[in-house]
Structures are given as structure tokens and as C-alpha cells.
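Residues in the sequence shown are numbered consecutively from 1, following UniProt numbering.
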Amino acid sequence: MTPKIIFAGPVQNSAKHLPAVFQNIENMSHLASETAYVFVENDSTDSTKIDIQNFGLNKPNFTFISLDGLNQIPVRTLRLEMVRNAYLEFIKSDPKLRGFDFLVVLDMDEGNTHQVPILAFSDALAFLSELDSRAAVFANQQGSYFDMWALRSKDLCPCDAWQEVFDYAHENRVSDEQAFAQTFAKRVLSIETNKPPIKVDSAFGGLGIYKLKFVLENLNPYLGSKIKILKNDQGGMNVLRTQICEHVHFHEGLISQKGDLFIFPSLVNGVLAEIPFNPSFYRSLIF
1 MTPKIIFAGP VQNSAKHLPA VFQNIENMSH LASETAYVFV ENDSTDSTKI
51 DIQNFGLNKP NFTFISLDGL NQIPVRTLRL EMVRNAYLEF IKSDPKLRGF
101 DFLVVLDMDE GNTHQVPILA FSDALAFLSE LDSRAAVFAN QQGSYFDMWA
151 LRSKDLCPCD AWQEVFDYAH ENRVSDEQAF AQTFAKRVLS IETNKPPIKV
201 DSAFGGLGIY KLKFVLENLN PYLGSKIKIL KNDQGGMNVL RTQICEHVHF
251 HEGLISQKGD LFIFPSLVNG VLAEIPFNPS FYRSLIF
């Protein structure tokens, strides 16, 4: 049975990338019996707004949500939390969309300008459909896997990779470069595209395919921050607020439903050389 697919995602100042992103969406749409689109935009200063709306002309089930003014919130993950929860809540509240089969979430930027292999997308849909417990699959990148922040896996990355750098630097009183070398740098990976699906607790990589029934029953919204407590040299404590990857809390809600999540190695949405991660990036996450 040919599935009904919703495409959703955040978009801002992506005009130069949208033609390629739209082409990927159109290609994937050919595998659906019916499609819907929910795009959330805010504060773009290029032609993104009109480009998105032009893409939706003559498309049934097309929704454009504008959250102009959101840039007044300076913290990026808090903005993403709101944008992503906006498309989620719209889908959950729409009687027709609730009857769809899959939700494809994609970043509407350079992360999805590479042509996604349509056979791999078809295989991913089939893989999800084979077992009721399979809740979601996520994209891979040829070369360096870039989305370490969203990744959670007992074997590959069991914790927040940037919080691990933070904690190591603080506890061992070493430089950011030393802390990075002892933690994050050891987790950077490349996943061969011919590998079988890799079970994880969270991932994203700019593109995720979800069984909609798991999304509708998920009690965990996207969440972009947490409180962090650090002991200081005087024996007291410092209470900080830090950004976290908004996908992880959402994915924990899928796991709590006994849903299984996977990186799907052949579902490649980018070709990346070695990524120059900034060892001090974790400092920019504190607010």
C-alpha cells in the first residue's frame, strides 16, 4: 500500500538552498499516495518566505506557518524548540493529517541540497513498515558523520558529546583542546553507506523519517535547554542553563513507547570531508 507522507521542517534565510531541497521533496513525494507539507519560517531577510509559498501553490494540504519576531529570542535551541513544536502541534491538531502514515522532518538548508537517493528512501520506508516497533530512521552522510550532538548510542556516543567536553575540561582543569581530544574527538565517525541499519537512541543528520503513530502518541516535545550545576573551588555550586540538542528529548518519547530508532546508512543526504569541530563550542551553549 502506497503511504501518505507529511513533509515538515524549519526554514530561515535559505533561498539559495531551497531549489535543491524542493527537488528532494518532490522526488520523495513520488513514493506517496498523498502528501502534506508543514513548513515553519521566521524572520527571513531573503526571498525564503515567497519561495516557500510559491512552492505550495496548487499543492493540497500545504501549510505555511510564520513565526516572525522569534529572533528576539537570542538562544538558537530555544527558537528551534518552538519552531519544531509548532509543526508537531499543528499536525497533531489536524484531523486529516493525523490519518497519514509517515512524517518526514528535514532541515530546509544546505544540509539537504545533496540529492537523496530515492531507492534508499524507498528502502527506508519499507524497513520501517516491516515491524511495528520500528519508529524512525535517520540520514547518513558520506564521509564524516556531522550530527554528533543529536547522536545517542551505547556504542557510538552514549551522552551529549559537547557536555562531555565541558565536564572533562571543568573536572580535570585542562584546556578545551585537551578536553576535546579526550572526549569528542574519539567519537567522531564515518558510517559506510553499505552497512545495515544501526540501532540508536537518538540521531538526526538533517533528515528523519518517522512513523506518524509514534509521533502522535509521543508525550515528549522538542526541548532545547537544561539546567546544569557545577561545583566550584569554594565548595559551592554554580547553576547554569545550557543549550541541548532539541531532538534528544523528543526521541526519548519514542523510546518510551518501545519504538526502535535507526541510522539508515544508505540514506545519504550529504557528502562531507573532515569536519573542523571547534573544541570551545560548548562555551557558546551556556546562557
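Ideal Cβ placement from N, Cα and C applies to all residues, glycine included.
Could you check what DSSP says for residue i in three-state terms: helix, strand or coil?
i: Met82; result: helix
i: Lys34; result: A small correction: the amino acid at residue 34 is Glu; Lys does not occupy that position in the sequence shown. DSSP places Glu34 in strand when its eight states are reduced to three.
i: Asn27; result: helix
i: Thr193; result: coil
i: residue 309; result: Outside the shown range of the chain, which is 1 to 287, sits residue 309, and nothing can be said about it.
i: Ala185; result: helix
i: Arg76; result: helix
i: Ile6; result: strand
i: Lys213; result: helix
i: Phe146; result: coil
i: Ala139; result: strand
i: Leu97; result: helix
i: Phe287; result: coil
i: Leu230; result: strand
i: Lys199; result: strand
i: Gly208; result: strand
How far does the beta strand (DSSP E) with residue i in it reach, from first residue to last?
i: Phe281; result: Element bounds for Phe281: n/a, residue is neither H nor E.
i: Val104; result: Phe102 to Leu106
i: Asn54; result: Looking at the DSSP string, Asn54 is not in any beta strand (DSSP E); the run it does join, the alpha helix (DSSP H), is Thr48 to Phe55.
i: Lys59; result: Run containing Lys59: none; DSSP gives neither H nor E here.
i: Val174; result: No beta strand (DSSP E) contains Val174, which DSSP labels as neither H nor E.
i: residue 292; result: The question about residue 292 has no answer, for the chain in this structure spans 1 to 287.
i: Leu254; result: Looking at the DSSP string, Leu254 is not in any beta strand (DSSP E); the run it does join, the alpha helix (DSSP H), is Glu246 to Ile255.
i: Arg241; result: Met237 to Gln243
i: Lys154; result: Here Lys154 belongs to no beta strand (DSSP E), and DSSP marks it neither H nor E.
On the criterion of 16 or more Cβ atoms from any shown chain inside 10 Å, does residue i qualify as buried, or is it exposed?
i: Val271; result: exposed
i: Ser14; result: buried
i: Phe264; result: buried
i: Lys59; result: exposed
i: Asn194; result: exposed
i: Glu274; result: exposed
i: Glu171; result: exposed
i: Asp68; result: exposed
i: Arg241; result: exposed
i: Ser202; result: buried
i: Leu131; result: exposed
i: Glu41; result: buried
i: Gly99; result: exposed
i: Phe287; result: exposed
i: Thr2; result: exposed
i: Lys49; result: buried
i: Leu57; result: exposed
i: Leu128; result: buried
i: Ile227; result: exposed
i: Asp260; result: buried
i: Ala126; result: exposed
i: Leu267; result: buried
Specify, as a first and last residue, the run of the alpha helix (DSSP H) that residue i falls within.
i: Phe121; result: Ile118 to Glu130
i: Phe204; result: Here Phe204 belongs to no alpha helix (DSSP H), and DSSP marks it neither H nor E.
Which whole-angstrom value describes the C-beta separation of residue i and residue j, a residue pair presumed to lie in contact below a C-beta threshold of 8 Å?
i: residue 307; j: Phe55; result: Because the chain spans 1 through 287 in this model, residue 307 falls outside it and cannot be assessed.
i: Gln23; j: Ser44; result: About 20 Å; that fails the 8 Å criterion.
i: Leu78; j: Pro221; result: Rounded, the Cβ-Cβ distance is 12 Å, inconsistent with contact.
Discussion item. When you compare the stretch 224 to 238 with the stretch 107 to 118, are there three or more beta-carbon pairs, one atom per stretch, that lie closer than 8 Å?
Written reply: At 8 Å Cβ cutoff, the stretches do not touch.
Discussion item. For the pair the stretch 171 to 182 and the stretch 275 to 286, tell me if three or more CB-CB distances fall below 8 Å.
Written reply: A contact is defined here as three or more CB-CB pairs under 8 Å, and the stretch 171 to 182 meets this definition with respect to the stretch 275 to 286.
Worksheet item: So, do the stretch 68 to 77 and the stretch 96 to 106 have three or more beta carbon pairs nearer to each other than 8 Å?
Response: The stretch 68 to 77 and the stretch 96 to 106 do not touch, with fewer than 3 CB-CB distances between them shorter than 8 Å.
Discussion item. Is it the case that the stretch 120 to 139 contacts the stretch 201 to 210, given that we only count it when at least three CB pairs across the two stretches are under 8 Å?
Written reply: They touch, by the three-pair rule.
Worksheet item: For the stretch 80 to 93 against the stretch 180 to 200, are there 3 or more C-beta pairs whose distance is under 8 Å?
Response: The answer is no - the stretch 180 to 200 does not touch the stretch 80 to 93, with fewer than three Cβ pairs under 8 Å.
Discussion item. Under 8 Å, with one C-beta from each stretch per pair, do the stretch 137 to 151 and the stretch 181 to 189 reach the 3-pair mark?
Written reply: The stretch 137 to 151, when compared against the stretch 181 to 189, does touch it at the 8 Å Cβ threshold.
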